[in-house]
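Protein chains in written order, with this note's numbering: chain X, 1 to 177; chain L, 1001 to 1366.
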């Protein structure tokens, strides 16, 4: 069983890699382009996949992955199930801040087939932040791209003194205090 | 709907109730009111020439009496050619001096509209004017039929009539006449008679209704005559056809991990759906009569009675939508054969029953 591992490869100087996993290819492409548009001072590679595990034949050319973003569409149960199935193909060390969930489609409540609870439980279970973003809107796409870029910098170790473990602070809601 | 013509002397009576049936309506005397009512009720839904989109909404309210109904042109209504022709020919039959009286009796065109008709021109032009006004009032086959019946009633001497006697079996009660029931049975009998006549006249043996319905007539023809792009079983995997889409400028920093999977989906799609445009149908309906598979503890419906439900897929272009599901990432490929067998089996109505204890479904007809 080929797992994606966070530390099994050497990092490349001044570069970072993000992996987007989701069933909606069009949205993935749009988000990837939005990320590339943002200003950054490091090299970035965006890997796009519909599901995990990743094809084994590309293992040797694939760089180290710093951040995995799972994309779930609230209007498609299929997208949720796909993500749930893919989660078991990641090494547990990824869940120390190197995984996040991007949830789109909440705006149209009438068309949602995925329940909010299911998504929150997923975030809690895998100790990873859940970001709600309507990726159809260009502005929100740009904002999400900026957030992802910032997270990616931290996950790749580019920000001194801040590591991915800090992202657990994103998990706490004000009610818990 | 023309009344029945040729008359022959009817021999001898029989027991039971005698009904003098002239055409479709049993009555002692056809007066104008009954005639109109009969026409309105019976000429109604036979609109086999009409497409649903063109159905005018003014049926039933026949009286125009001065107020101009919201014009047909405002709504973009085009009267059916058959209806126009029907009205035209009926008007041509009416003697010139009777035309205005008949149109008044018809009570479909308003007084102002009737005043615009010039009866002193050739009949061809009169009938054209009448058809024009009928278009303004959105005439349907119903109104045309009523005019025809008024003509036949007024000029009944021009026809030869047949007389029929209906009898009831000994012992059966004389029920009150139920018009709704009569209409329903009459229509069904007509359909049945049409089918029989069609089969007999074209020297075929049998006819049955297929489980295939759609708005697009051309697509129905394509499905039934197998004119869509068919798929063929091959042992050699076919090379992927180049799609018409121009190669997009993909940023080299975006790497697709699942290229192979995408290609697999494309080739599966091509195998299942073929390459060309799919025939156009709007829905597929699956009537389920399968057992409810719940948790054994729940015990409500599990394995006792079939759980009846109907699943209906609808779309402006269902087959193309199904074809695009897997490439869009909304479903796995290959799709369920229940969905993909629609053109091959030439049906979009299915009944799914339990297959003798095995957890599978079968497509069967009625």
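All C-beta atoms, glycine included, are put in the ideal place defined by N, C-alpha and C.
So residue i and residue j are in contact, right, with Cβ under 8 Å, and what is the actual spacing, rounded?
{"i": "residue 66(X)", "j": "residue 152(X)", "result": "6 Å"}
{"i": "residue 43(X)", "j": "residue 15(X)", "result": "4 Å"}
{"i": "residue 71(X)", "j": "residue 114(X)", "result": "Between residue 114(X) and residue 71(X) the Cβ distance is about 12 Å, and since that is not below 8 Å, they are no contact."}
{"i": "residue 35(X)", "j": "residue 143(X)", "result": "The pair is not a contact, with the Cβ atoms about 12 Å apart (cut-off 8 Å)."}
{"i": "residue 1387(L)", "j": "residue 4(X)", "result": "Nothing can be reported for residue 1387(L): it is not among the residues displayed for chain L, which extend from 1001 to 1366."}
{"i": "residue 83(X)", "j": "residue 21(X)", "result": "7 Å"}
{"i": "residue 165(X)", "j": "residue 97(X)", "result": "5 Å"}
Using the C-alpha atoms, what's the distance from residue j back to residue i?
{"i": "residue 1340(L)", "j": "residue 1193(L)", "result": "36 Å"}
{"i": "residue 1191(L)", "j": "residue 1117(L)", "result": "39 Å"}
{"i": "residue 161(X)", "j": "residue 85(X)", "result": "34 Å"}
{"i": "residue 8(X)", "j": "residue 64(X)", "result": "7 Å"}
{"i": "residue 1325(L)", "j": "residue 24(X)", "result": "11 Å"}
{"i": "residue 93(X)", "j": "residue 59(X)", "result": "18 Å"}
{"i": "residue 1350(L)", "j": "residue 45(X)", "result": "49 Å"}
{"i": "residue 1035(L)", "j": "residue 1288(L)", "result": "Low per-residue confidence applies at residue 1035(L): pLDDT is 44, beneath 50, and the placement is therefore not dependable enough to give any value."}
{"i": "residue 1121(L)", "j": "residue 1092(L)", "result": "12 Å"}
{"i": "residue 1218(L)", "j": "residue 1316(L)", "result": "15 Å"}
{"i": "residue 19(X)", "j": "residue 1285(L)", "result": "40 Å"}
{"i": "residue 1223(L)", "j": "residue 1087(L)", "result": "36 Å"}
{"i": "residue 112(X)", "j": "residue 104(X)", "result": "10 Å"}
{"i": "residue 2(X)", "j": "residue 1251(L)", "result": "27 Å"}
{"i": "residue 1129(L)", "j": "residue 1154(L)", "result": "22 Å"}
{"i": "residue 1150(L)", "j": "residue 1312(L)", "result": "45 Å"}
{"i": "residue 1135(L)", "j": "residue 1102(L)", "result": "18 Å"}
{"i": "residue 1262(L)", "j": "residue 1131(L)", "result": "59 Å"}
{"i": "residue 1260(L)", "j": "residue 26(X)", "result": "17 Å"}
{"i": "residue 120(X)", "j": "residue 127(X)", "result": "10 Å"}
{"i": "residue 1114(L)", "j": "residue 1106(L)", "result": "11 Å"}
{"i": "residue 53(X)", "j": "residue 99(X)", "result": "15 Å"}
{"i": "residue 1126(L)", "j": "residue 1085(L)", "result": "13 Å"}
{"i": "residue 150(X)", "j": "residue 159(X)", "result": "9 Å"}
{"i": "residue 1167(L)", "j": "residue 1090(L)", "result": "35 Å"}
{"i": "residue 1097(L)", "j": "residue 1119(L)", "result": "8 Å"}
Name the DSSP bridge partner or partners of residue i?
{"i": "residue 43(X)", "result": "15(X)"}
{"i": "residue 1186(L)", "result": "None, per the DSSP bridge assignment."}
{"i": "residue 49(X)", "result": "21(X)"}
{"i": "residue 1256(L)", "result": "48(X)"}
{"i": "residue 1093(L)", "result": "None, per the DSSP bridge assignment."}
{"i": "residue 1285(L)", "result": "1312(L), 1349(L)"}
{"i": "residue 1291(L)", "result": "1306(L)"}
{"i": "residue 68(X)", "result": "19(X), 99(X)"}
{"i": "residue 132(X)", "result": "103(X)"}
{"i": "residue 90(X)", "result": "4(X)"}
Specify the secondary structure class of residue i as computed by DSSP and reduced to three states.
{"i": "residue 73(X)", "result": "strand"}
{"i": "residue 27(X)", "result": "helix"}
{"i": "residue 104(X)", "result": "strand"}
{"i": "residue 1042(L)", "result": "Residue placement at residue 1042(L) is flagged as unreliable, the pLDDT there being 45, under the threshold of 50; a coordinate-derived value is accordingly withheld."}
{"i": "residue 1353(L)", "result": "strand"}
{"i": "residue 1131(L)", "result": "helix"}
{"i": "residue 4(X)", "result": "strand"}
{"i": "residue 1141(L)", "result": "helix"}
{"i": "residue 126(X)", "result": "coil"}
{"i": "residue 1332(L)", "result": "coil"}
{"i": "residue 1227(L)", "result": "coil"}
{"i": "residue 139(X)", "result": "helix"}
{"i": "residue 168(X)", "result": "helix"}
{"i": "residue 1263(L)", "result": "helix"}
{"i": "residue 10(X)", "result": "coil"}
{"i": "residue 1159(L)", "result": "coil"}
{"i": "residue 1199(L)", "result": "helix"}
{"i": "residue 1337(L)", "result": "helix"}
{"i": "residue 1107(L)", "result": "coil"}
{"i": "residue 155(X)", "result": "helix"}
{"i": "residue 1081(L)", "result": "helix"}
{"i": "residue 54(X)", "result": "coil"}
List the residues of chain X that residue i touches, going by C-beta distances under 7 Å, in chain order.
{"i": "residue 1256(L)", "result": "48"}
{"i": "residue 1253(L)", "result": "36, 44, 45, 46"}
Listing by chain order, which chain L residues have their CB less than 9 Å from the CB of residue i?
{"i": "residue 55(X)", "result": "1257, 1258, 1259, 1260, 1261"}
{"i": "residue 32(X)", "result": "1251, 1253, 1254"}
Strictly below 8 Å CB to CB, what residues from chain L border residue i?
{"i": "residue 23(X)", "result": "1329, 1330"}
{"i": "residue 58(X)", "result": "1257"}
Taking 7 Å as the CB-CB cut-off, is residue i touching chain B?
{"i": "residue 1213(L)", "result": "You won't find chain B in this structure, because its protein chains are X and L."}
Would you mind telling me which residues of chain L sit closer than 7 Å to residue i, beta carbon to beta carbon, in chain order?
{"i": "residue 78(X)", "result": "1330, 1331"}
{"i": "residue 156(X)", "result": "What residue 156(X) touches in chain L: nothing, since even the nearest Cβ is about 15 Å away."}
{"i": "residue 143(X)", "result": "Correct list: empty, because the minimum Cβ distance to chain L is about 20 Å."}
Report whether the distance from the Cβ of residue i to the nearest heavy atom of the ligand GTP is below 6 Å.
{"i": "residue 1261(L)", "result": "Judged by which ligands are present, the structure shown has none, so any question about the ligand GTP falls away."}
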